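Encoded as structure tokens, the structure appears first; notes follow it.
Now the structure itself:
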């Protein structure tokens, strides 16, 4: 057995031949990424809607009812950016999940592995940069909490979907 096969036993786990990258980027991989992308996008739509955190989010931004029309005009750009961002985040989470499994670092299988990766990415990248950015920019802790709350929920659920699917 080659050293690479000992270090990266994905072939044995999935029971298929071919390169590790080809196995990783199969149709199942992209279906999982697309499903978790859509989930994150929908969660964002619900999270920032008026009845959930929309009003508190607008208040934390210093926006009033008079600002709503201008915000609506910018919404399509924000939706595109949100969808592209969710796709990239989901793709990277899936890569981290697969590489973690290939490297045999003790990552749990299934949904728990996805939750672990989602939490670690949120904790290591989003929480740290979000807090320092908010402090430097003078943003309120309320705005930070709303945004980081969305991020943790989104990343945990994307990770769970990916963990189940991959």
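Residue numbers (this note's numbering): 0 to 165.
All residues carry an ideal CB built from backbone N, CA and C; glycine is no exception.
Bear in mind the structure is a predicted one, so any value in this text is a computation, not a measurement.
In the structure shown, the three-state DSSP call for residue 52 is helix. Residue 47 sits in coil when the DSSP states are folded into three classes, being neither helix nor strand. In its chain, beyond the 5 residues on either side, 115 have a beta carbon closer than 7 Å to the beta carbon of residue 107. In the three-state reduction of the DSSP assignment, residue 103 falls in the coil class, being assigned neither a helical nor a strand state. For the region 71 to 146, there is no continuous beta strand (DSSP E) assignment of 3+ residues that stays within its boundaries. Each residue's CA atom was taken as its position, placing residue 151 and residue 120 some 9 Å apart. Looking at 24, 26, 35, 25, the one whose alpha-carbon comes closest to that of residue 163 is 35. Within the same chain, 159, 162, 163 come within 6 Å of residue 110 by CB-CB distance, once the 5 residues on both sides are set aside. A residue is called buried once 16 or more other Cβ atoms fall within 10 Å of its Cβ, and residue 64, having fewer, is exposed.
Here residue 131 has no same chain residue with a Cβ atom under 8 Å from its own Cβ, once five neighbours each way along the sequence are excluded. For residue 81, the closest of 62, 46, 96, 59 by C-alpha to C-alpha distance is 46. Looking from the CA of residue 59, the closest CA among 39, 43, 89, 144 belongs to 144. If you draw a straight line from the Cα of residue 112 to the Cα of residue 105, it comes to about 9 Å. Burial state of residue 157 is buried, judged by a 10 Å Cβ sphere holding 16 or more other Cβ atoms. Ranked by Cα distance from residue 84, the options 62, 61, 122, 38 are led by 38.
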